[in-house]
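At position 36 of the sequence shown the residue is numbered 35 (numbering that gives the first Met the number 0), and the sequence of numbers has no breaks.
For each residue, glycine too, the CB sits at the ideal point set by N, CA and C.
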Amino acid sequence: MPGSTPALPIRRRLAILTLLLAFSVQDHAPALAGDYPDRPVKIVVPFPAGGTADAIPRIVADWLSRKWSQPVVIENRTGAAGNIGAEQVYHAAPDGYTLLSSPRRRL
0 MPGSTPALPI RRRLAILTLL LAFSVQDHAP ALAGDYPDRP VKIVVPFPAG GTADAIPRIV
60 ADWLSRKWSQ PVVIENRTGA AGNIGAEQVY HAAPDGYTLL SSPRRRL
């Protein structure tokens with residue numbers, strides 16, 4: 000048709016739409032994520048204190064507490080070959096503030 004403007008190609012329309020969506024989401028992204036952690040973090044070690052499975056989590060907790068400027072607490076929950084501590088973490092709120100330290104076992 001004479002006098003009408005040609006339609007934009009589909010790829011160009013998708014590119015423009017993608018850019019518009021990216022810019023609209025970018026303005027709201029900082030409001031979605033909070034600072035982590037904003038309260039103390041607990042690392043559950045399912046083995047007795049002072050053992051070899053307890054040493055590395057304590058070193059990591061010290062490093063994390065300095066990095067995050069938040070306390071990182073070690074809690075030893077022994078018994079049932081580590082199942083008691085693992086169950087405590089399983090039932091904790093899924094917010095990332097209760098972690099489980101589990102040694103890797105080689106078979």
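Residue of the options minimising C-alpha distance to residue i
i, options, result
"Ala-91", "Arg-12, Val-43, Pro-8", "Val-43"
"Pro-102", "Ala-80, Gln-87, Tyr-89, Tyr-96", "Ala-80"
"Pro-45", "Val-72, Arg-38, Arg-12, Gln-87", "Gln-87"
For residue i, the residue or residues it bridges with in DSSP
i, result
"Lys-41", "Val-72, Thr-97"
Where residue i sits in the DSSP three-state scheme
i, result
"Pro-36", "coil"
"Ala-48", "coil"
"Thr-77", "coil"
"Ala-92", "coil"
"Pro-102", "coil"
"Pro-8", "coil"
I'd like to know if the region 9-20 and the region 55-75 are in contact, where contact means that at least 3 CB-CB pairs between them fall below 8 Å. Result no; under three Cβ-Cβ pairs closer than 8 Å.
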